[in-house]
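Residue numbers (the working numbering), protein chains in the order written: chain A, 475 to 695; chain B, 29 to 228.
Glycine is no exception: its CB is placed at the ideal position from the N, C-alpha and C atoms.
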Amino acid sequence: MSRAGALLSREVALAWGKGGGPLVSLGFYAGTATLLPLATGPEPARLAAIATGMAWVALALAALLSLERLFERDYEDGALDLIVLSPLPLEIVCALKCLGQWIATGAPLALAAPVAAIALGAKPELAPLIFACALVGGLAFAFTGGIGAALSLGARRGGLLTAVIVLPLFVPPVIFGGAALDAFAGGLPWHAGLTLLCAYAAAAVALGPLAMAAACRNALS
Amino acid sequence: MISRLSLENLAVRRGGRLLFEGLNLTLDSGQAAALTGRNGAGKTSLLRTIAGLVQTEAGTVGFGALDPSEARAEGLHLIGHLDGLKPARTAREELTFWSAWTGGTPESTQTAIKTLELSTLLDLEVRRLSAGQRRRLALARLIAAPRPLWLLDEPLSPLDAGWRERFGQIMAGHLAGGGLIVAAVHDPLPVPAKALEIGA
């Protein structure tokens, strides 16, 4: 098996494996999506108006939850040292870790997103677009979130620090995705929002690994 | 292929404290060095410096005529007290991954399993292994992916007397095959080695 393939399958297994993985993320997502209508009141008309927005924000939070251990687990047990000592550039390693995270938790969350939105009262015809936005947005969340996870390496309460670093980076995808869904629901042109979301995800995939690799090297030295 | 390791006038600073300076060492194919020194003298930092994980304050680490980053990427194994093994994964999953990661083949992995007698442990989760068994699983990387330079941090400490002797034979075999070993130890290394005391 090639190095990259071995690493990707390990990352998926670690993110998927013991300790919950996607189930915990999905549970958290379901919990947040249930909590929001309790706070806003149950009138269907009001809920339907903000359903997609709530589903979208809950998705960003659930993506955040799973990021904490992305680098930390390998940093703590010394695996990161050994992963760095390899012909594969650390930037590629970081990209593969984020990709594994996206496959293991981002994709299941993207499947759950339309269900949550429709349960909150969004129109069923929104489902494909919600799924597409959640899938692309999940990629952006994983690759920008990885930057926060790498920067908080070695810090106590690293998970909290990760959230503080990452939440501002989650702002653009939340705005773009939310705008696309809003426009679609209102019968307006929605392509611009989705295109911007894709562009942000592409930029995160391209630039995120550079920042992550630099942060990892700094934490190790 | 690393055939020479040379440390010239090496100084390393960690956390604002100068651990050592003016350190010199030359190792050629087939030679080993035993690092000694009190706790906190910088033995682990020296190994990590050779591996390129820690920046030098002064001096150089050379690998003969090789480019250092290439030599490090494919030419050395680092076995530290943090062994990089995930408690929730099975010994087989971990060994298979690390073997693939360091460039081992399925055949060489089988050799490693046989040499370190891991076959009965493979289906156990790493958390169920004893300290000595974990160390043997970590050491299996050395054989699963043959690389010339071994950097070993207290390799013997969790091993029992029988396995210390066996690992001594494994190290002797590596040196006989032209390998190089730098090991941080408190007990004497079971193979002939240059002594290097840090922080003396």
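For B:Gly25, I'd like the list of residues in its chain whose CB is within less than 6 Å of its CB, leaving aside the five on either flank, ordered along the chain. Because chain B spans 29 through 228 in this model, residue 25 of chain B falls outside it and cannot be assessed.
Report yes if the C-beta distance between B:Ser31 and B:Gly90 is below 8 Å; otherwise report no. no
How is the alpha helix (DSSP H) around B:Lys222 delimited, first residue to last? Counting along the chain, B:Lys222 falls outside any alpha helix (DSSP H), though it belongs to the beta strand (DSSP E) covering Lys222 to Glu225.
Here's the rule: buried if 16 or more other CB atoms are within 10 angstroms of the residue's CB, otherwise exposed. What is A:Gln575? buried
Work out the CA separation of A:Ile621 and A:Val640 for me, nearest whole Å. Answer to the nearest angstrom: the Cα atoms are 8 Å apart.
Would you mind sorting A:Ala587 into buried or exposed? The rule is 16 or more other CB atoms within 10 Å of its CB. With 16 or more Cβ atoms within 10 Å of its Cβ, A:Ala587 is classed as buried.
Proximal residues of chain A, C-beta to C-beta of B:Phe125 below 7 Å: Going along chain A in sequence order, the residues near B:Phe125 (Cβ under 7 Å) are Ala480 and Arg484.
What in chain B is Cβ-close to A:Asp555, meaning under 9 Å? Arg76, Ala79, Leu81, Leu106, Gly108, Leu110 and Gly112
Cα-Cα separation between A:Pro563 and A:Val589, rounded to whole angstroms: 39 Å
Helix, strand or coil for A:Val589? Go by DSSP, reduced to three states. Note: A:Val589 maps to helix in three-state DSSP.
If you measure between the beta carbons of A:Ala591 and A:Ala487, is that distance less than 8 Å? no
Nearest CA to the CA of B:Ala172: which residue from B:Ala211, B:Ala221 and B:Leu104? B:Leu104
With a CB to CB cut of under 8 Å and the five nearest residues on each side skipped, what residues in its chain are close to B:Ala116? Glu153, Val154 and Arg155
Since B:Leu167 and B:Ala62 are thought to touch, with beta carbons under 8 Å apart, how far apart are those beta carbons, to the nearest angstrom? With a Cβ gap of about 17 Å, B:Leu167 and B:Ala62 do not count as contacting.
Three-pair Cβ contact test at 8 Å for the segment 38–47 of chain B versus the segment 629–646 of chain A: no
Contact residues within the segment 86–106 of chain B, judged by C-beta distance below 9 Å to chain A: Contact residues of the segment 86–106 of chain B toward chain A are Glu98, Arg100, Ala101, Glu102, Leu104, His105 and Leu106 (C-beta to C-beta distance below 9 Å).
If we ignore side chains and look at the alpha-carbon of each, how far apart do B:Lys222 and B:Gln59 end up? 8 Å
8 Å is my cut-off, CB to CB: does B:Trp129 come that close to chain A? yes
Taking its Cβ as the centre, do 16 or more other Cβ atoms sit within 10 Å of A:Ala659, making it buried, or is it exposed? buried
Counterpart residues of B:Trp178 in DSSP-defined beta bridges: Its beta-bridge partners are B:His105 and B:Ile209.
Compare the beta carbon distance of A:Ser560 and A:Arg477 with 8 Å and say whether it is the shorter of the two. Yes, the Cβ-Cβ distance between A:Ser560 and A:Arg477 is below 8 Å.
Does DSSP classify A:Leu583 as helix, strand or coil? helix
Mark A:Leu509 as exposed unless 16 or more other C-beta atoms lie within 10 angstroms of its C-beta, in which case mark it buried. exposed
A:Asp551 at chain B interface by Cβ criterion, 8 Å: By this cut-off, A:Asp551 is an interface position.
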